[in-house]
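Anchor point for the sequence shown: position 79 equals 79 in full-length UniProt numbering, and the numbering is continuous, going up by one each time. Every residue gets a Cβ at the ideal spot worked out from N, C-alpha and C, and that includes glycine. So the structure is just underneath, and the comments pick up after that.
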Amino acid sequence: MKEAEISHFHIVSEIMVNAGKCLMNDYMVDGPSCSTPRKRAFNIPTMACIEDLRTPAFEGLLKSFREAGLGRQANGKVNNHQECMHPFSPSAPEILSGQLRKELEQQNLQ
């Protein structure tokens, strides 16, 4: 039992030494360098890039959904496979907004 404790102590101390080296050497980004700090260049995204990240308006999403014919087969019937978990799929009604859900239900009734 004593040998296991000694072995464990040596392994733990080795891990602590390696962790200390790693923290001191690899993560010492803002340590004193005895020189005037330089201005860092930041990669700021453009307004166009930020605008591309926006979610399209509801009308645009609905239009693209209708144009793509998602959820319908070639014969016009609704595809209700469980593996289809597209957020606009009729098999995932808990994800849909109220208005879109109503429109999909109306399409299913036709």
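Starting from the C-beta of residue i, find all residues in its chain whose C-beta is less than 7 Å away, skip the five residues before and the five after it, and write them out in chain order.
| i | result |
| --- | --- |
| residue 8 | none |
| residue 39 | none |
With a threshold of 8 Å on Cβ separation, who are the neighbours of residue i within its own chain once the five nearest residues in sequence on each side are excluded?
| i | result |
| --- | --- |
| residue 51 | none |
| residue 103 | 62 |
| residue 48 | none |
Under 6 Å Cβ to Cβ from residue i, same chain only, skipping five residues before and after it: list those, please.
| i | result |
| --- | --- |
| residue 81 | For residue 81, the predicted structure reports a pLDDT of 47, less than 50, and the residue's modelled location is therefore unreliable. A value from the coordinates is still provided. Excluding residues within five positions, none has a Cβ falling inside 6 Å. |
| residue 21 | none |
| residue 33 | none |
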